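Asker: Input: one structure, supplied below.
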Amino acid sequence: MFHLQKATQVTSDDELGQLAELYRYPPRPSSGPGAAAPFVRANMVASIDGAVTYDGKSGGLGGPGDRAVFRVLRGLADVILVGAGTATTEGYGRPQADEALAAHRESLGQAPAPALALVSRSLSIPPDFEPVADPGTVVLTCTSAPADRRRALLDAGATLVDCGDDTVSTMAILDHCADRGWSRVLCEGGPSLLGSLVTADALDELCLTTSPHLVGGDAGRIVATGGSGSGEPSAVLHALRPASILTDDDGFVFTRWLRHGRASTM
Ligand SMILES: NC(=O)c1ccc[n+]([C@@H]2O[C@H](COP(=O)([O-])OP(=O)(O)OC[C@H]3O[C@@H](n4cnc5c(N)ncnc54)[C@H](OP(=O)(O)O)[C@@H]3O)[C@@H](O)[C@H]2O)c1
1158 MFHLQKATQV
1168 TSDDELGQLA
1178 ELYRYPPRPS
1188 SGPGAAAPFV
1198 RANMVASIDG
1208 AVTYDGKSGG
1218 LGGPGDRAVF
1228 RVLRGLADVI
1238 LVGAGTATTE
1248 GYGRPQADEA
1258 LAAHRESLGQ
1268 APAPALALVS
1278 RSLSIPPDFE
1288 PVADPGTVVL
1298 TCTSAPADRR
1308 RALLDAGATL
1318 VDCGDDTVST
1328 MAILDHCADR
1338 GWSRVLCEGG
1348 PSLLGSLVTA
1358 DALDELCLTT
1368 SPHLVGGDAG
1378 RIVATGGSGS
1388 GEPSAVLHAL
1398 RPASILTDDD
1408 GFVFTRWLRH
1418 GRASTM
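Residues 1158 to 1423 (this note's numbering) are what the sequence shown spells out, left to right.
Right, here's the structure in full:
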């Protein structure tokens, strides 16, 4: 009934290769309904009491081990999928090629750096937001997005893709990823976008860092559902199973949770 998981120390970049092996995406089925579907992984950090932010950002909850896992997960992904609000709040730049994982990516036929997909219903992204004009960035939106914001982003060099009419459809997002050959999707949040993935039953794996802090306050949780205008239910019950648990010298705990029926890479 109970299983004891041996903790593994994750302390520095030296363990990157080991981490990359542990977090390797599972092989895609060669045939059947799952063959074309991207594997959707999310990476989030929360405090012991479940807060996703401290002082408005997630960075205050991080540490060296967390940053190593974050880096490796980016290094394994074809595309980073992120809510526009998170990308701007957290000051995202364009994803960079990571020399330490270059050989791994090349062996899998991946581009040197992951693409970036910003999800936004209202297109409230500043046109001068640095990643917008990058050819590796796509903004996933819907046809009802305000025309003036659409125009401003296009003028700034953005690539916009409509994934629905009144809302950004999660399934249309994943179809676009499949069309672009992005089979390894990494969602970095935020909670609203993760909520949409969970509600659509599109999440295959959750990588969750528990930061060794209590935060209190009114910070949100990692999954937010039922946002206004989303048409989503206010709560979901989505079962996952544990795949691995790591700790580091700073007291962080790194868990991986898989959808039932998904093969673990361990
Ligand atoms: N602890 C962590 O691991 C973690 C990770 C990420 C973010 N965060 C924190 O979470 C906070 C932001 O929370 P949030 O829930 O507002 O973040 P979010 O999921 O990034 O949502 C923010 C915005 O992204 C767009 N968006 C998200 N999901 C969408 C969907 N399904 N369809 C269309 N647009 C969508 C919307 O942009 P428009 O308004 O433009 O339509 C939305 O207002 C920030 O403080 C951030 O620092 C924490």
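Don't be surprised by glycine CBs; every beta carbon is placed ideally from N, CA and C. It should be emphasised that the depicted structure is a prediction, and the values quoted were computed from it without experimental measurement.
Going by C-alpha distance, which of GLU1247, ALA1177, TYR1211 is nearest ARG1228?
Answerer: Here the closest residue by C-alpha is ALA1177.
Asker: Using only alpha-carbon positions, find the residue among TYR1249, GLY1314, VAL1318, ASP1255 that is nearest to GLY1346.
Answerer: TYR1249
Asker: For ILE1237, which beta-bridge partners are listed by DSSP?
Answerer: LEU1273, LEU1343
Asker: To which residues does DSSP link PRO1348 through a beta bridge?
Answerer: Looking at the DSSP assignment, PRO1348 forms no beta bridge with any residue, so it has no partner.
Asker: Compare the Cα-Cα distances from GLY1222 to each of THR1412, GLY1207, HIS1417, ASP1375 and report the closest residue.
Answerer: Among THR1412, GLY1207, HIS1417, ASP1375, the Cα nearest to that of GLY1222 belongs to THR1412.
Asker: What number of angstroms, rounded off, separates the C-alpha of ARG1306 from the C-alpha of PRO1348?
Answerer: 24 Å
Asker: Round the Cβ separation of THR1424 and ALA1392 to the nearest angstrom and send it over; I've been treating them as touching at under 8 Å.
Answerer: Lying outside 1158 to 1423, the shown extent of the chain, residue 1424 is not represented and no answer is given.
Asker: Alpha carbons only, please: which of GLY1174, SER1401, SER1279 is nearest the one belonging to ARG1262?
Answerer: GLY1174
Asker: Quick one: is GLY1232 buried, meaning 16 or more other Cβ sit within 10 Å of its Cβ, or exposed?
Answerer: buried
Asker: In the DSSP output, which residue or residues are listed as bridge partners for LEU1403?
Answerer: PHE1411, per the DSSP bridge assignment.
Asker: Just to confirm, does MET1328 get its C-beta within under 7 Å of one of the non-hydrogen atoms of ligand 1?
Answerer: no
Asker: Span of the alpha helix (DSSP H) holding GLU1178?
Answerer: 1173-1179
Asker: Looking at the structure shown, is PHE1196 part of a helix, part of a strand, or coil, going by DSSP?
Answerer: strand
Asker: Is the beta carbon of VAL1276 closer than 8 Å to that of LEU1310?
Answerer: no
Asker: Using the Cα positions of THR1325 and ARG1278, report the straight-line distance between them to the nearest angstrom.
Answerer: It is worth fixing the name first, because residue 1325 is Val in this sequence and not Thr. Cα to Cα, the separation comes out at about 6 Å.
Asker: How close, in whole Å, do the beta carbons of GLY1321 and CYS1299 come, if the pair is a contact with beta carbons under 8 Å?
Answerer: Approximately 4 Å separates the beta-carbon atoms of GLY1321 and CYS1299; this is inside 8 Å, confirming the contact.
Asker: Between VAL1197 and THR1366, is the Cβ-Cβ spacing less than 8 Å?
Answerer: no
Asker: On the DSSP letters alone, give me the boundaries of the beta strand (DSSP E) that THR1382 sits inside.
Answerer: That residue, THR1382, is in no beta strand (DSSP E); it is neither H nor E in DSSP.
Asker: What residues are listed by DSSP as bridge partners for THR1298?
Answerer: ASP1319
Asker: Would you tell me roughly how many angstroms separate the C-alpha atoms of MET1423 and LEU1179, rounded to the nearest one?
Answerer: Unreliable placement is indicated for MET1423, whose pLDDT of 37 sits below 50; no coordinate value is reported for it.
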